[in-house]
Each structure stands twice: as C-alpha cells, then as structure tokens.
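See below for the structure under consideration.
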Ligand SMILES: Cc1cc2nc3c(=O)[nH]c(=O)nc-3n(C[C@H](O)[C@H](O)[C@H](O)COP(=O)(O)OP(=O)(O)OC[C@H]3O[C@@H](n4cnc5c(N)ncnc54)[C@H](O)[C@@H]3O)c2cc1C
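Residue numbers (this note's numbering): 4 to 413.
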C-alpha cells in the first residue's frame, strides 16, 4: 500500500478494553472518523475481563483526583446509557459491615467522607436494620453503613455494546491489530505501524491498559510504569442467590479496600478480589490456597454459603501504576492523548472518561444520536454471541455464567 492509499482517520484508539470501547462510542457519536486497534482476537480480554462488575459510587474516592471527578460524572452518565441500551444493571446497594468494635468506631468517619464525596444517600444503619436487609449474614455483624447507589452490571456486554454501536455508525474496529510503533508525519498526523498494516490518524488515544506505558513510549518516555495488581475471585452456584441482596464491603484498611462478597448482575454470589502485586502482565492465574481463603471468608460473612458449590474461579490484573490517580495527559501539539493506569474503577468511569477525552479534544462536530436499544443477541456457540452478524466471544466469567444459566436475555 502506498502512503497515499493508507486510510486517514480523525482518531486512532489503541486498546479495546472497557475504556477504549467507551471512547470509540463517544467519539464516533460526535462524528469523528474513528478506528479502534485491539491486539487480541476479542474486545475486553485483558484487565476488563477480570473485574468484579461493580459500578462504584465513589463514596470512598480520594477527593480532588481525576478518578474522583470521573466517578462523580459517572453517577449521571451511566444510568442513562444502561437504560437506553437495555443493559443488565441492578442497583443492589452496598453495606459496609463492621465486625468488631474497632471497625464500628470507624463508620462515622467513613460516612463523613462519603458525604463529602457527594454520596449523600449513605447512612449508618443499626444491627437490627442490617439483619432485616440481610438475614443470612453472620450474627457477629455489629452494624453497617448503607451506600444505596452501588450497583452491578454485565461487565462484558456493557463495553461490547458501546463498541458495537460505534461500529454500526461507521467506526472501524480492528481486532488482532497490534500497534507496534509510529511517528508524527510532517507534524500533521500520526503514521502508526500495526500488525495489520499502516494507519494514519490526526489524533492517537493510548488506552492500552496493562501495556499503557509501553504504548506511551511511542510518543514520549512514559511518565508512569504499569505495576500489575492481581485480584482473584471465587463464584458460588446460582442456588445461593437468595442468600444475599446487597454488596457486602469490609471496613477498609490503610493498604486495601479488602475483599467483597456480592451478587453478580446474573445472581451468582462472588467473593473477591484479592490485591496481589506481580510483574507478569498477562494470563493471571488463580491459586487454590488463595481461593480456599476467599471461600472461607465468604462462608464467614454468609455461613449458609457452605452448603453451595463453587462454579467458577477467575483472576484479573489491575493496570496499577506508581500513582493512585488516573494518568490523563493531553499532548495537543503532538496529537496524543493518554488515558493510563485506570486501575480499579474503569468499568464505573469509562463513560465519564470518554466524555472527558471528547471534551478535551474539543470537537465542534454534532453529536450523532445512536438509535435506542441494543441489537438482539444470537447465541452461536457456548461462549459466543452474534449481534448484527458480528460475532463476539464472551470473555468475562461473570457474563459467561449469566449466559450459561440463561439469566442473560438474548
Ligand atoms: C480484580 C479486578 C477487579 C476490578 N473491579 C472493578 C469493579 O468492580 N468496578 C470497576 O469499575 N472497575 C473494576 N476494575 C477495574 C477495571 O476492570 C479497569 O479499570 C478497566 O478494565 C481498565 O480498562 P482498560 O480499557 O484501561 O484496560 P484493558 O481492559 O486492559 O484494555 C486495554 C486493551 O489494550 C489492548 N492493547 C494493549 N497494547 C496494545 C497494542 N500495542 N495494540 C493494540 N492493542 C493493545 C489490550 O489487549 C487490551 O485489550 C477491576 C479490575 C480488576 C483487575
């Protein structure tokens, strides 16, 4: 292909995880000619395939961070899209439970910071109220803070629907397209070298998750390094569904938010995630010893879980960096936007991140109105569905279980 024949895009998005899918949806919706390059054969196959599927309110976010602002914006943006596209979503609410007197004494401070973060619906509840809501909880629970807005969604169908909508409106979604390098040509556009040939684009967006620092080096020495943080999970059989209504959170420690016990949007009770630093950036493994500890913890929180089998275990890697906050860098001169280190809230904030990116590149083009609803899904194999003739493998274990149990509507 001669240089003149190389297609020219307004924007090239590197990475088809939750963040990239939301960005291509937003920018295509604003009339930009977009291409999304994903190195894997499927979208949503890396960090985004190993999360908890929880949409956080940000009650415990660090004030004045970009993450905090995105969580605030997300409280408005998310519901509108979930409803519009009929995406599986349940506002279960969370209960942050105190198991001893020391934890009880921390609740008022946690409530104050939730209110300061704009989560005004959070409130303390008595032991009686706690057991009225969750009668199967271990009687050792002493009290709790209720956080009404915490929710669960389908963590796979949500981003895939966003990318699919964009594709229907002209975005190019290139799978098995690894971006290998690139340079600015005559200061006017990027020439990206990919495993599927060259791509020209006026603007490049790096949302490469666990490879974010490596991709960043195409434009500049990366100001952040990725330090993967693994989270492991165990999933109980659907037979346990009636044992828990809410997301049960622990009182956080200095180091970690701790392990949760929660229902997935398709009714499986899940325990996890752990927080384990490691160097490998791919194929996170589960370890039986850790899974056994998680199961024991879940059975402490809800003792009757001991009567229900585990149907799946899985692990995901958070794209953590040396900083807690997101790395959002707009390099206008070189036409490069960095959206890196979206560590542990990217499913909750992806729409807000996408809005932020779109506003920062200040396009004046009109907003395309995507038709309501998502297209019907057709099951074409155990783990694969089709939408409008485009096939997608269900990469997230919680979504796969929902489709297997026929809880997910086609
Ligand atoms: C254990 C765990 C629990 C979590 N729980 C929650 C939760 O409950 N709620 C929540 O909101 N968030 C949660 N998260 C966080 C959330 O999953 C992440 O913030 C989000 O998935 C990050 O998405 P991403 O698109 O930035 O990264 P990724 O999903 O990793 O996507 C990046 C993509 O870029 C691609 N890529 C990389 N390099 C290249 C290249 N050179 N060329 C082409 N493509 C490339 C990769 O293949 C990948 O698909 C959790 C994460 C983990 C791991």
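The beta-carbon is built from N, C-alpha and C at its ideal position, and this holds for glycine as well. Since the model is a prediction, treat every value here as computed from it, not as a measurement.
- Three or more Cβ pairs drawn from the segment 39-47 and the segment 13-25 lie within less than 8 Å of each other, which places the two stretches in contact.
- The alpha-carbon separation between residue 181 and residue 350 amounts to approximately 23 Å.
- Excluding sequence positions up to five before and after residue 139, its CB lies within less than 6 Å of the CB of 246, 305 and 307, all in the same chain and listed in chain order.
- Collapsing the DSSP output to three states places residue 330 in a strand.
- The shortest C-alpha to C-alpha distance from residue 290 to any of 317, 311 and 388 is the one to 317.
- The three-state secondary structure of residue 175, taken from DSSP, is strand.
- With a cutoff of 9 Å on beta-carbon distance, residue 66 and residue 236 are scored as not near each other.
- With a cutoff of 8 Å, residue 232 counts as near ligand 1, since its C-beta is closer than that to a heavy atom of the ligand.
- Boundaries for residue 250: no alpha helix (DSSP H) harbours it, while the beta strand (DSSP E) harbouring it runs 250-253, taken from the DSSP string.
- The three-state reading of DSSP puts residue 33 in coil, since its state is none of H, G, I, E or B.
- Judged by DSSP in its simplified three-state form, residue 309 adopts helix.
- Residue 60 and residue 153 have their C-alpha atoms spaced approximately 6 Å apart.
- Rounded to whole angstroms, the gap between the alpha carbons of residue 33 and residue 396 is 28 Å.
- Ligand 1 has a heavy atom closer than 8 Å to the beta-carbon of residue 181.
- Here DSSP, grouped into helix, strand and coil, assigns residue 92 to strand.
- The DSSP-derived three-state label of residue 186 is strand.
- Where residue 390 is concerned, the enclosing beta strand (DSSP E) starts and stops at 387-390.
- Residue 384 is bridged by DSSP to 387.
- Per DSSP, the beta-bridge partners of residue 146 are 101.
- Only residues of its own chain outside the window of five on either side were considered, and among them 77, 81, 92, 153, 154, 155, 156, 350 and 351 have a CB closer than 8 Å to the CB of residue 58, listed in chain order.
- Judged by beta-carbon spacing, residue 170 lies beyond the 9 Å limit of residue 339, meaning their Cβ atoms are not closer than that value.
- Relative to the Cα of residue 313, the nearest Cα in the group 120, 298, 303 and 231 belongs to 298.
- Residue 184 holds the alpha-carbon nearest to the alpha-carbon of residue 207 among 281, 199, 224 and 184.
- Secondary structure within the segment 210-294: the beta strand (DSSP E) runs of 3 or more consecutive residues, fully enclosed, are 232-239, 250-253, 263-266 and 272-275 (chain order).
- Counting the other CB atoms within 10 Å of its CB gives residue 186 a total below 16, which places it among the exposed residues.
- Taking 8 Å as the upper bound for CB-CB distance, residue 343 and residue 219 are in contact here, some 7 Å apart.
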